[in-house]
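Scroll down for the structure; my scribbles are underneath it.
Number of protein chains: 2
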Amino acid sequence: MIFDRERTGHMDQYITEHTERFMGELARLVAVPTVAAQHRGVEEGARLTAALLETYGYTAEILSVEGGNPVVVAGARAGAGASRKARPGGGRAPVLLFYNHYDVQPAEPVELWDSDPFTLTRRGDRWFGRGVSDDKGHIISRLLALEAVKSAWGGELPLDVKFVIEGEEEVGSLHMPAFVHAHRERLAADACIWEFGGVDHNGRPQEVLGLRGICYVELSVKTADHDAHSGLGGSIFPNAAWRLVWALASLKGPDERIRIPHHADHVRSPDSRDLELLAAMPEEADDLRTRYGVTSFLKGMTGGVELRREQVMVPTCTICGLSSGYEGPGSKTVLPAVARAKVDFRLVPDQTPEEVLANLRAHLDAGGFADVEITQLGGDRPARTDPDHHFIRLALDAARDAYGLEPVVGPMSGGSGPAHPFTDELGLPVTMCGIGYPGGSVHAPNEHIVLQHFVDGTRHAARIVDAFALAS
Amino acid sequence: MIFDRERTGHMDQYITEHTERFMGELARLVAVPTVAAQHRGVEEGARLTAALLETYGYTAEILSVEGGNPVVVAGARAGAGASRKARPGGGRAPVLLFYNHYDVQPAEPVELWDSDPFTLTRRGDRWFGRGVSDDKGHIISRLLALEAVKSAWGGELPLDVKFVIEGEEEVGSLHMPAFVHAHRERLAADACIWEFGGVDHNGRPQEVLGLRGICYVELSVKTADHDAHSGLGGSIFPNAAWRLVWALASLKGPDERIRIPHHADHVRSPDSRDLELLAAMPEEADDLRTRYGVTSFLKGMTGGVELRREQVMVPTCTICGLSSGYEGPGSKTVLPAVARAKVDFRLVPDQTPEEVLANLRAHLDAGGFADVEITQLGGDRPARTDPDHHFIRLALDAARDAYGLEPVVGPMSGGSGPAHPFTDELGLPVTMCGIGYPGGSVHAPNEHIVLQHFVDGTRHAARIVDAFALAS
Numbered sequence: 004m005i006f007d008r009e010r011t012g013h014m015d016q017y018i019t020e021h022t023e024r025f026m027g028e029l030a031r032l033v034a035v036p037t038v039a040a041q042h043r044g045v046e047e048g049a050r051l052t053a054a055l056l057e058t059y060g061y062t063a064e065i066l067s068v069e070g071g072n073p074v075v076v077a078g079a080r081a082g083a084g085a086s087r088k089a090r091p092g093g094g095r096a097p098v099l100l101f102y103n104h105y106d107v108q109p110a111e112p113v114e115l116w117d118s119d120p121f122t123l124t125r126r127g128d129r130w131f132g133r134g135v136s137d138d139k140g141h142i143i144s145r146l147l148a149l150e151a152v153k154s155a156w157g158g159e160l161p162l163d164v165k166f167v168i169e170g171e172e173e174v175g176s177l178h179m180p181a182f183v184h185a186h187r188e189r190l191a192a193d194a195c196i197w198e199f200g201g202v203d204h205n206g207r208p209q210e211v212l213g214l215r216g217i218c219y220v221e222l223s224v225k226t227a228d229h230d231a232h233s234g235l236g237g238s239i240f241p242n243a244a245w246r247l248v249w250a251l252a253s254l255k256g257p258d259e260r261i262r263i264p265h266h267a268d269h270v271r272s273p274d275s276r277d278l279e280l281l282a283a284m285p286e287e288a289d290d291l292r293t294r295y296g297v298t299s300f301l302k303g304m305t306g307g308v309e310l311r312r313e314q315v316m317v318p319t320c321t322i323c324g325l326s327s328g329y330e331g332p333g334s335k336t337v338l339p340a341v342a343r344a345k346v347d348f349r350l351v352p353d354q355t356p357e358e359v360l361a362n363l364r365a366h367l368d369a370g371g372f373a374d375v376e377i378t379q380l381g382g383d384r385p386a387r388t389d390p391d392h393h394f395i396r397l398a399l400d401a402a403r404d405a406y407g408l409e410p411v412v413g414p415m416s417g418g419s420g421p422a423h424p425f426t427d428e429l430g431l432p433v434t435m436c437g438i439g440y441p442g443g444s445v446h447a448p449n450e451h452i453v454l455q456h457f458v459d460g461t462r463h464a465a466r467i468v469d470a471f472a473l474a475s
Numbered sequence: 004m005i006f007d008r009e010r011t012g013h014m015d016q017y018i019t020e021h022t023e024r025f026m027g028e029l030a031r032l033v034a035v036p037t038v039a040a041q042h043r044g045v046e047e048g049a050r051l052t053a054a055l056l057e058t059y060g061y062t063a064e065i066l067s068v069e070g071g072n073p074v075v076v077a078g079a080r081a082g083a084g085a086s087r088k089a090r091p092g093g094g095r096a097p098v099l100l101f102y103n104h105y106d107v108q109p110a111e112p113v114e115l116w117d118s119d120p121f122t123l124t125r126r127g128d129r130w131f132g133r134g135v136s137d138d139k140g141h142i143i144s145r146l147l148a149l150e151a152v153k154s155a156w157g158g159e160l161p162l163d164v165k166f167v168i169e170g171e172e173e174v175g176s177l178h179m180p181a182f183v184h185a186h187r188e189r190l191a192a193d194a195c196i197w198e199f200g201g202v203d204h205n206g207r208p209q210e211v212l213g214l215r216g217i218c219y220v221e222l223s224v225k226t227a228d229h230d231a232h233s234g235l236g237g238s239i240f241p242n243a244a245w246r247l248v249w250a251l252a253s254l255k256g257p258d259e260r261i262r263i264p265h266h267a268d269h270v271r272s273p274d275s276r277d278l279e280l281l282a283a284m285p286e287e288a289d290d291l292r293t294r295y296g297v298t299s300f301l302k303g304m305t306g307g308v309e310l311r312r313e314q315v316m317v318p319t320c321t322i323c324g325l326s327s328g329y330e331g332p333g334s335k336t337v338l339p340a341v342a343r344a345k346v347d348f349r350l351v352p353d354q355t356p357e358e359v360l361a362n363l364r365a366h367l368d369a370g371g372f373a374d375v376e377i378t379q380l381g382g383d384r385p386a387r388t389d390p391d392h393h394f395i396r397l398a399l400d401a402a403r404d405a406y407g408l409e410p411v412v413g414p415m416s417g418g419s420g421p422a423h424p425f426t427d428e429l430g431l432p433v434t435m436c437g438i439g440y441p442g443g444s445v446h447a448p449n450e451h452i453v454l455q456h457f458v459d460g461t462r463h464a465a466r467i468v469d470a471f472a473l474a475s
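Protein chains in written order, with this note's numbering: chain A, 4 to 475; chain B, 4 to 475.
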């Protein structure tokens, strides 16, 4: 694909000139602590997001969700002049859907941040704050990219644009499948740009063609009304912490094999195209080890296709948190009445959160752990996009042009998200593009973005929009 | 044993008349948050305790302990007049040693207290505050009992009194064995009154003739420099929480059997006298179930000797706390780099904390858990006193006289304490007596004592002192 140098030059310049202004918009979004897990700032975050979209010419609406956080839906039609220019022979303007989210991960542990997590703070060429990358910075980058496209097309959009910006992505997007189903006509589109993306640790743009699913649960046990003195009850009272430990140990053993019967019944093995893509990916093993201070990988893996396949194309069962009894310094001789664990199952095609949950319940019951309660805190089905779809080829060409580098293409991401309703309900090809990088401490203290990544990711998005307006 | 009605009447009246004043002293002790586990208030607590003892005529000294909290050692000699009266034929005055501690358990969870834990607060016939029972109230009760004895003996002590008041009982008294050994001549005595005691849930005085030992450890695992996104690392990075869960599950299974090889090698079975004492104890099963809201006991036990034996005369392995990763509300998709558990082993004769620790290390290493670090946070050997020792008979007679009820005699307590150096190094018979009751929320929020228990426990202590002065 050959890009129009006049328009790309115009867009790139526009992006450079207006980045500072859009960082001001980002600061306003970051200042609202939209922590879905803690039920903070959600309504205000939705209102601010809708207002921002309206400022840039989109018709925005806040749709409430029964039992969930509101979703901002917005859109704008292609301008008549730009449309005629893009499609001299006439025809319907293509529709591009942007999926993003206004909620963020908790800022805890707050004491490990070098600046206030909810104050956008620049240090050198970096901007710090909760959500600057995941995902408020991406919302801002999309808006800037679209403004750049408009500017290059004579002040009009050359295609129809839709936004769906939800507020529960960081707590599992439990309501997104039903929401998309209910609004499938309103959200109908030809292609979708996903909420994240960016460069790998070598600065190469990344394209990821799928997302693992997730089933996130809290397991809890209550064995008594209140804690007992451990000297009194140690050998006669049930202990919630022990019950939880034994239940957890029954889920997965030190061999890393998930022991829940039927858990892997619907796991589809990677096909030859997946393996080809995995083989073409760069080696990241040393970088991963260094970055996390991990001495070795699980199961004796050292790198290569084996490690990359294991990282993204197998089901996982991860303890994300444990809590029971006395957790302070020193000792306290207490027998806990309550214990809790957060457990995250990542799913690959064709697993579903529903079957994972049912199998988990059956397994605990069969193992004598009917006393372990399961609360589902999140669930997404896995989703894939065909690596050879024309929209993906267009997005990869756009990446080559924006970055001047060959993109790294992965068949799946290790992470999750509610892409399944978009790929399967709406039938859309989904591409990733964006402003992140592996060192950005997403989900961790000192989340940040780098100026150049923001500019490059925005230029990439602008090229996708520009090329897609012409491609249909 | 017949008690001198004139002296017991005098003592009882003294105690009633001076209880209010001694509650004022207790308020001063409670106000210093001597939380050994949190390294708070220890020096100030020791100074205040020593000053209090000096106020009542004891020579007190604060002895520092290498790597530990200071110990207050105090004493007073028998007065010449009282001595002549107690032993008309002459002879050495007997020496009674009081063991107590000025440190307290952490107040957490503070939000569950109905009044500030470090402000002695009266509501009705109860006094609330951290340490009012365990153990500051006992220090105050001992002092008042001795004042009452002095008053009944013409202003003089009829025997020699020694105090040893340590500051690490709630964190395992790690330095007490070496301290007692180093100061064995200074602490030499004929009998010892232990730090606690009181009535059972029916108001009957309790005598317990031994303490289980303890080995309290923190198990910790670190698998990386920092937490990872669970989507990134779930199937390739070691997970500290999983490592900990598997290590813990290897220690004890749902059958409650401790799986550490050689753990029970030196367990002495209860003898016929122990079983006789256990059989004579009242049934507490229903009370225990109700009080803690526990639906059933472990191993199908329902009560009787079986339950009482299991409660105090077997080794235990109790998880007291678990902590790892994200513990807040909702979900966070994080792969923890660090995990910690607090584990409390209760020991019976002739187990030792040293062998428990060595066997635990060997077991973890053999099971592939060399990465699990063990930090010992407390250790006491188990200790016993002969149920038929004349000092115990005297203490039981004193209980009958003070309470007007037959005491409940247990061969062992489920709890622990550093009694071993006193029973074995100093060769002392040890009796319990005191002001506590099972509903007093010791080690829990809203720790409290009841006025009548304080008065009765103090009268009991005064009778023991009075009778022991005459018994030698």
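Even for Gly, the Cβ is constructed at its ideal location relative to N, Cα and C.
Query	Result
Counted within 10 angstroms of its Cβ, other Cβ atoms place G127 of chain A as buried (16 or more) or exposed	exposed
Listed by chain order, chain B residues near F394 of chain A by CB distance under 7 Å	In chain order: nothing, as chain B lies at least about 24 Å away.
Cβ separation of L190 of chain B and L100 of chain B, assumed to be a contact under 8 Å, to the nearest whole Å	6 Å
Proximity test, Cβ basis, 8 Å: A218 of chain A and chain B	According to the sequence as given, residue 218 of chain A is Cys; it is not Ala. C218 of chain A does not count as touching chain B.
Start and end residues, beta strand (DSSP E) containing A49 of chain A	Where A49 of chain A is concerned, there is no enclosing beta strand (DSSP E), although the alpha helix (DSSP H) it sits in stretches over 45 to 58.
Residues of its chain near A34 of chain B, where Cβ-Cβ distance is below 8 Å and the 5 sequence neighbours each way are ignored	F121, T122, L123
Contiguous alpha helix (DSSP H) assignments of at least 4 residues, all confined to the stretch 345 to 404 of chain A	356 to 369
Residue range of the beta strand (DSSP E) that includes H275 of chain A	As written in the sequence, residue 275 of chain A is Ser, which differs from the His given in the question. Premise fails: S275 of chain A lies in the alpha helix (DSSP H), 275 to 283, not in any beta strand (DSSP E).
Coarse secondary structure for R466 of chain B, derived from DSSP in three states	helix
Complete runs of the alpha helix (DSSP H) confined to the stretch 201 to 259 of chain B [at least 4 residues]	233 to 236, 243 to 252
D459 of chain B to D203 of chain B span [Cα, whole Å]	13 Å
Beta carbon of F348 of chain B nearer than 8 Å to that of C320 of chain B	yes
Per-residue DSSP class, three states only, for N165 of chain B	It is Lys, not Asn, that sits at residue 165 of chain B in the sequence shown. Here K165 of chain B sits in strand by DSSP.
Helix, strand or coil at L310 of chain A [DSSP, three-state]	helix
Cross-chain neighbours of Q314 of chain A in chain B, by beta carbon under 9 Å	L235, G236, G237, S238, I239
V74 of chain A beta carbon less than 8 Å from that of V167 of chain A	yes
Validate contact between the stretch 80 to 89 of chain A and the stretch 449 to 466 of chain A using beta carbons, cut 8 Å, 3 pairs	no
Proximity below 8 Å, CB of P385 of chain B to CB of H184 of chain B	no
Neighbouring residues, chain A, relative to L325 of chain B (Cβ below 7 Å)	A244, L325, S326, S327, G328, A342
F131 of chain A: first and last residue of the uninterrupted beta strand (DSSP E) it sits in	129 to 131
Stretch pair the stretch 339 to 356 of chain B + the stretch 221 to 234 of chain B: three plus CB contacts closer than 8 Å	yes
Local conformation of F457 of chain A per DSSP, three classes	helix
Residue environment, A250 of chain A, which counts as buried when at least 16 other CB atoms sit within 10 Å	buried
Closer than 8 Å to chain B by CB, G296 of chain A	yes
Alpha carbon of V468 of chain A to alpha carbon of R31 of chain A, nearest angstrom	26 Å
Nearest-angstrom Cβ-Cβ length linking R466 of chain B and A401 of chain B, presumed shorter than 8 Å	4 Å
Chain B within 8 Å of L338 of chain A, Cβ atoms only	yes
Below-8 Å beta-carbon distance, W197 of chain B vs any chain A residue	no
P356 of chain B versus G333 of chain A: straight-line alpha-carbon distance, rounded	17 Å
Bridge partner(s) assigned by DSSP for V102 of chain A	First, the amino acid is wrong: residue 102 of chain A is Tyr here, not Val. In DSSP, Y102 of chain A forms a bridge with A:V167.
A243 of chain B to L160 of chain A span [Cα, whole Å]	51 Å
Within-8 Å CB hit, R95 of chain A to chain B	no
Any C-beta of chain B under 8 Å from that of R215 of chain A	yes
Coarse secondary structure for T124 of chain A, derived from DSSP in three states	strand
H463 of chain A to T426 of chain A span [Cα, whole Å]	22 Å
Beta-carbon separation (whole angstroms), M415 of chain A vs M316 of chain A, contact threshold 8 Å	5 Å
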